[in-house]
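What the sequence shown shows, in mature numbering (1 follows the signal peptide of the UniProt record, and there is no 0), is residues -22 to -1, 1 to 264, in sequence order.
In what follows, a single structure is set out as structure tokens and then discussed.
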Amino acid sequence: MKFVINALIAICLMAGFSLHAAADSNPDLLKVALLPDENASELIKRNQPLKDYLETTLGKEVKLIVTTDYSSMIEAMRFGRIDLAYFGPLSYVMAKSKSDIEPFAAMMVDGKPTYRSIIIANTESGVETYADIKGKKMAYGDRASTSSHLIPKTVLMESAGLEAERDYEAHFVGSHDSVAVNVANGNAQAGGLSEVIFQHVMDRGLIDRKKVRVLGYSGEFPQYPWAMRSNLDPELKASVREAFLNIDDEEILGNLKAEGFAAISDADYDVIRKMGSLLNLDFAKM
């Protein structure tokens, strides 16, 4: 019997499960994952005020985590290795298809919890319209990114009838800022990324403003959601939700590029699921 029990424990551990973590609905240490769409060290440094605020407000130790990419973040949530996570809309939908999680807050910008993607082009590439991307190289961020993959790819399909690989080369370069840098350097003639992050890249001087032009903007889509494990203690979940909705510290909000936070639900991201269907994406297998 002892051998059987030990064997079961070993199997669970090899599968990526932590028996203690799975049962811990009210951990003393909250592991909070940040979306890996920019430089990891910069993200950790910039979100230190958020960490301090959550520790004070929730009375718990908080550890900020930046995974290597979107997929590893989804898997970490799936196996209970993180408690809260700042997802992109697409990566949230993918994580939701594999995990028991729930979104609880999204940031407000210009008075609304929505945002846009943009498509940019190198000014010397000859690309002046979406149609000109045909036969060219298009840079995307992460495959699981909404604003640097799903949305711009959908815009090109719906607005210009362009399909990746059939009409242009799709190159995945990892992050939003990498998209901007690759387009500015001419490694790709065009690229898609978040409007907010593009502005941040420009403000930080990461690229020469004269080397890129904005071809167009997408429609409005639901903002990046904060989500948490559904099996956390109900009182803890309520406290986490309230903590985010009550953030009014200008430094924290400035670092998050937000005016404040609004409550959200899973249904808000059905529009992302519909876009995925248009592109024949299977979220559970991505």
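C-beta atoms are modelled at their ideal positions from N, C-alpha and C, and glycine is treated no differently.
Residue i bridges to which residues according to DSSP?
{"i": "T34", "result": "The partner list for T34 (beta bridge, DSSP) is empty, contrary to what the question assumes."}
{"i": "A168", "result": "A99, M116"}
{"i": "G238", "result": "M86"}
{"i": "Y247", "result": "DSSP, once it has assigned bridges, lists no residue as partnering Y247."}
{"i": "Y64", "result": "W204"}
{"i": "K9", "result": "K41"}
{"i": "E147", "result": "K115"}
{"i": "Y195", "result": "I96"}
Round the Cβ separation of residue i and residue j to the nearest angstrom and send it over; I've been treating them as touching at under 8 Å.
{"i": "D6", "j": "K29", "result": "That belief does not hold up - the Cβ atoms of D6 and K29 are roughly 15 Å apart, past 8 Å."}
{"i": "G119", "j": "V151", "result": "7 Å"}
{"i": "A99", "j": "L193", "result": "5 Å"}
{"i": "P200", "j": "P91", "result": "7 Å"}
Would DSSP call residue i helix, strand or coil?
{"i": "P203", "result": "strand"}
{"i": "G232", "result": "helix"}
{"i": "K114", "result": "coil"}
{"i": "S50", "result": "helix"}
{"i": "I43", "result": "strand"}
{"i": "V190", "result": "strand"}
{"i": "residue 288", "result": "The displayed coordinates of the chain run from -22 to 264. Any statement about residue 288 would go beyond what the structure contains."}
{"i": "M253", "result": "helix"}
{"i": "M(-22)", "result": "Confidence is the limiting factor: at M(-22) the pLDDT is only 45, short of 50, which leaves the residue's position unreliable, though a coordinate-based value still follows. Reduced to three states, the DSSP call for M(-22) is coil."}
{"i": "I22", "result": "helix"}
{"i": "D211", "result": "coil"}
{"i": "F222", "result": "helix"}
{"i": "L(-10)", "result": "Bear in mind that the predicted position of L(-10) carries a pLDDT of just 41, short of 50, making it unreliable; the figure below should be weighed with that in mind. If DSSP states are grouped into helix, strand and coil, L(-10) belongs with the helices."}
{"i": "E173", "result": "helix"}
{"i": "D181", "result": "helix"}
{"i": "S3", "result": "coil"}
{"i": "P27", "result": "helix"}
{"i": "R59", "result": "coil"}
Please confirm whether residue i and residue j have their CB atoms less than 8 Å apart.
{"i": "S208", "j": "I79", "result": "yes"}
{"i": "D241", "j": "F82", "result": "At residue 241 the sequence reads Ala, which differs from the Asp that was named. Contact: yes."}
{"i": "H154", "j": "I129", "result": "no"}
{"i": "V179", "j": "G169", "result": "no"}
{"i": "S172", "j": "S49", "result": "no"}
{"i": "R191", "j": "T132", "result": "no"}
{"i": "K114", "j": "Q167", "result": "yes"}
{"i": "N25", "j": "L13", "result": "no"}
{"i": "A54", "j": "A11", "result": "yes"}
{"i": "V44", "j": "L21", "result": "yes"}
Any heavy atom of the ligand MN inside 7 Å of the beta-carbon of residue i?
{"i": "Y247", "result": "The ligand MN is not among the ligands present in this structure, which contains no ligands whatsoever."}
Say whether chain C places a C-beta atom closer than 8 Å to the C-beta of residue i.
{"i": "S95", "result": "This model lacks chain C altogether; it includes just one protein chain."}
Only counting runs of 3 or more residues, tell me where the beta strand (DSSP E) segments fall wholly within the region 78 to 143, in order along the chain.
Secondary structure remark: continuous beta strand (DSSP E) runs of at least 3 residues inside the region 78 to 143, in chain order: 79 to 86, 95 to 100, 115 to 118.
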